[in-house]
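Here's the structure, in structure tokens; my notes come after.
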Amino acid sequence: MDNIQTIRCRRDGSIDTAHDIRKGRAQRSQAAHDLGKVAARSARKPIICLAAIVALLPFIGTQT
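Residue numbers (this note's numbering): 1 to 64.
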């Protein structure tokens, strides 16, 4: 149990839930950005292959 976090309190002594909400939103936002980066990287490869195929279409089926 080394993962002890201090509870942030407001001036009136109540727990600062707004701080926890902001912290959670920031973490969710970062996770969404990270997921988007991974999805963008994996999506580029098929697009590059598709672009190469489209570029070669005029040459497919022609006899030289």
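Backbone N, C-alpha and C fix where the C-beta goes; we use that ideal spot for every residue, glycine too.
Asked                                                                                              : Found
How is I21 classed by DSSP in three states: helix, strand or coil?                                 : helix
Does at least one heavy atom of the ligand PLP sit under 6 Å from the Cβ of I7?                    : The ligand PLP is not part of the structure shown, which contains no ligands of any sort.
Given this structure, state the Cα-to-Cα distance separating I15 from R8, to the nearest angstrom. : 6 Å
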